[in-house]
Amino acid sequence: MGTRAHEIYDVVGIGFGPSNLSLAISLEEHQENVPAHPTRAAFFERQSAFGWHRNMLLPSATMQISFLKDLATFRNPVSRFGYVSFLHESGRLARFVNNMDFFPTRLEFHQYLEWAASRFTDRVSYGSDVTAIRLPQGAGAGSSEYLQVEARDNATGSTRVVNARNVAISTGLVPRMPDGMERDERVWHSSEFLEKYRRMNPGDLKSVAVVGAGQSAAEITRFLYDSLPHAEVSAIFPSYGYSVADDTPFANQIFDPDAVDDYYYGTDKARESFWRYHKNTNYSVVDSDVIKDLYRRSYDEDVQGTERLHFLNMTRVREVKRAGDETRVLLDTLLDGHTQELDVDAIVFATGYDSMEPSRLLGDLDRYCLRDAAGRHRVQRDNRLVTTPELSCGIYIQGGTEHTHGLSSALLSNIAVRSGEIADSIVGSRPARDRGQPLHAAAV
Ligand SMILES: Cc1cc2nc3c(=O)[nH]c(=O)nc-3n(C[C@H](O)[C@H](O)[C@H](O)COP(=O)(O)OP(=O)(O)OC[C@H]3O[C@@H](n4cnc5c(N)ncnc54)[C@H](O)[C@@H]3O)c2cc1C
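Right under this line is the structure:
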């Protein structure tokens, strides 16, 4: 990345997952429309190359959104960064259409994201962990026109500092383990699944367990059952059965761009209703085809008189005891109140994620960021954190806005439109001579 030491970027993006990749596209398209007013952007990504939930790229896993909810199409249907362009360039457009399926595999969607990311290598520093965002030394919030972003090069350990008028924090979800459970080479979180699985000799995995009742848990259970034909596979979850993800059309409207306005400007009661009635579109639920796949396997075992797929429903993990290669799981059975033990060679906690929290990165800067009565960051409609008036630099977040922007905050559904709104806001906050046309007016 060609950075001059004292250059001030219009925006520095932290993390280069789909959210900031989509922002890079929005800024690029703005620049193409208003070439006289380029926007200087730089991005830092801690992974050594582009990667989107690589450890969950299970062979048959499919997307939970339409391919048309790609990085650009909903904002700019004629974008050259859309999924259709990717398919066309890959020579697969006709065959893709023959599938008559809106939901590509995650493997293919990953290829699409890599294809798009490869257009931006000149402005992304991979293998770089952002460790702090701060005001320049000695500067007050009111006197500085830029923030400093500090990044550590993971290969060399060296530190680099760049200046930014705005930052876009898009660091993604944070894996969550149940209290008291520690990860190690036999105890995994789903976010590290394939990496840890591949380190094992499959023949050594004679008994495995998966904890959780959501999409990742069900997918991993299916994968382990199919990949380890000799192994006992136990699915452990506290509910009676898996619950289905509601992806029917009326419910799906909560992920539409307009729903963000309804949520953002709605009353507290309205926002609460979004969650009460529609949480089952995404949280702790499973696509019906995966549920049916699992049930079918279990039924077939019944017919054949064998059983190595075990559903330990109404059951919670109380403790995991580790000693060398041995892993003993203590389980509380909710139905009869008994405790049972299960010896496994590996256990996967598909217990979900916490939403993005920018406070750690913001450090001292966080005191300029205003919070609501519940202690959560206040966020403008354009995803900029509400700050005290003296801080003139913009801090934008993508993710961590479920309380202000609703259910699509951590998802892909709305990123094309959202990144356009952020790009408009960044361009709009520049001095008039520097600005050109707003993105929405020029893009389509
Ligand atoms: C297995 C799985 C499947 C999913 N499938 C779907 C789906 O089908 N549809 C959907 O809508 N949503 C899905 N999601 C939700 C998911 O949040 C989004 O798909 C998407 O990843 C959000 O993009 P993002 O860029 O905000 O976050 P991420 O994809 O998490 O990207 C954040 C990036 O920031 C980097 N980073 C973090 N901290 C730093 C730092 N300090 N310095 C530098 N880089 C940093 C990370 O390495 C990462 O690459 C899925 C989630 C999971 C876990």
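Adding 14 to a residue's 1-based position in the sequence shown gives its number in my numbering.
Cβ coordinates follow ideal geometry from the N, Cα and C atoms, glycine included.
Straight-line gap, R106 to S80 (C-alpha atoms, nearest Å): 17 Å
D396 vs E435 beta-carbon contact at 8 Å: The Cβ atoms of D396 and E435 sit closer than 8 Å to each other.
Rounded straight-line distance, which links the Cα of R290 to that of V247: 33 Å
S40 CB to nearest heavy atom of ligand 1 below 7 Å: Not so, every heavy atom of ligand 1 lies at least 7 Å from the Cβ.
Close beta carbons around F207, own chain, < 7 Å, minus the five adjacent residues each side: N69, M70, I234, V362
Nearest residue (CA-CA) to V393, options R342, R336, E416: E416
C-beta contact flag for V176 and N428 at 8 Å: no
Beta-carbon proximity of F30 to L127, cut-off 8 Å: no
Unbroken stretches of the alpha helix (DSSP H), 4 residues or longer, contained in the segment 319 to 397: 373 to 376
Helix, strand or coil at H20 according to DSSP, with G and I counted as helix: Per DSSP, reduced to three states, the secondary structure at H20 is coil, with no helix or strand assignment.
Residue burial classification, F88 (beta-carbon count within 10 angstroms, cutoff 16): buried
Element boundaries [alpha helix (DSSP H), containing Y140]: Looking at the DSSP string, Y140 is not in any alpha helix (DSSP H), and its letter there is neither H nor E.
Beta-carbon separation (whole angstroms), V181 vs I39, contact threshold 8 Å: No, V181 and I39 are not in contact; Cβ-Cβ is about 18 Å, not under 8 Å.
Range covered by the alpha helix (DSSP H) that runs through L37: 32 to 47
Own chain residues within Cβ distance below 6 Å of T402, not counting five before or after: Only Y382 meet the Cβ criterion.
Beta bridge counterpart(s) of E246 as assigned by DSSP: S221
Counterpart residues of R476 in DSSP-defined beta bridges: Absent from the structure is residue 476, since the part of the chain shown begins at 15 and ends at 458.
Whole-Å CB distance - L219 paired with D307, under 8 Å assumed: 20 Å between Cβ atoms; not a contact.
Cβ-Cβ distance between Y239 and L348 below 8 Å: In this structure, L348 does not lie closer than 8 Å to Y239 by Cβ.
Near ligand 1: Q45 beta-carbon under 7 Å from a heavy atom: no
Test item: CB-CB of A364 and V224 under 8 Å: Cβ atoms of A364 and V224: closer than 8 Å.
Whole-number beta carbon distance between I440 and D24, since they are thought to touch under 8 Å: 6 Å
Proximity of F134 and T76 at Cβ, strictly below 8 Å: no
Under 8 Å between C-beta atoms of F58 and V144: yes
Separation of A146 from L460, as counted between CA atoms: Nothing about residue 460 can be read from this structure; the chain reaches only from 15 to 458.
Heavy atom of ligand 1 within 7 Å of H391 beta-carbon: no
Through-space distance from N296 to S423, alpha-carbon basis: If I take the Cα positions, the gap works out to 12 Å.
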